[in-house]
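Q:
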Amino acid sequence: MNQNVQILELETGANRRTCDPTLELRVQLEEAETFAAMFKALSHPVRVQILDLISQGKGETCACDIERHFELTQPTISHHLKVLRDAGLITSESHGVWVHHRVNPTKVAALRHLLATMENNSG
3 MNQNVQILEL ETGANRRTCD PTLELRVQLE EAETFAAMFK ALSHPVRVQI LDLISQGKGE
63 TCACDIERHF ELTQPTISHH LKVLRDAGLI TSESHGVWVH HRVNPTKVAA LRHLLATMEN
123 NSG
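Residue numbers (this note's numbering): 3 to 125.
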């Protein structure tokens, strides 16, 4: 990247805008769609709480340990778990009649990295 890039300033009445030619699109469309799906899954407060409960488990968390924290039906909890699973935020495995859930550390790390990058560049 050329270090001698000039910043173009445009005067528009009382508003002054700066055009920065050094900005680049760092998140490609496919990756942005994946992030959007994860953020959409986390747009419901119960799903945020469920993900937090699962993250507290020692490796995995049984659905029965999740259900007791909410005044919701089992099918509603299952729906929220499916949304989290479809977004890739959790994985699930059957153990007899119970299903155990784990946080997908790769996806959570990707979200953390994206947000940290944005935070570091905003100041």
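Using N, Cα and C, we set each Cβ at its ideal position, and we do this for glycine too.
What does the Cβ neighbour count give for Met40, buried or exposed, with the cut at 16 atoms within 10 Å?
A: buried
Q: Starting from Arg104 and walking both ways along the beta strand (DSSP E), at which residues does that stretch end?
A: Trp100 to Val105
Q: Can the beta-carbon of Leu83 be found closer than 8 angstroms to that of Ser96?
A: no
Q: Are Phe37 and Val50 close, meaning C-beta to C-beta below 8 angstroms?
A: no
Q: Can you name, in chain order, every residue of its own chain whose Cβ lies under 6 angstroms from the Cβ of Val48, other than the five neighbours on each side?
A: His82
Q: How about Leu86 and Ile92: are their beta carbons less than 8 angstroms apart?
A: yes
Q: Output needed for Gln76: all residues of its chain with C-beta closer than 7 angstroms, excluding positions within five of it in sequence on either side, in chain order.
A: Glu69
Q: When burial is assigned at 16 or more other CB atoms within 10 Å of the CB, is Lys42 buried or exposed?
A: exposed
Q: Could you check the C-alpha separation between Gly61 and Pro23 for me, to the nearest Å?
A: Within the model, the alpha-carbon separation for Gly61 versus Pro23 is close to 46 angstroms.
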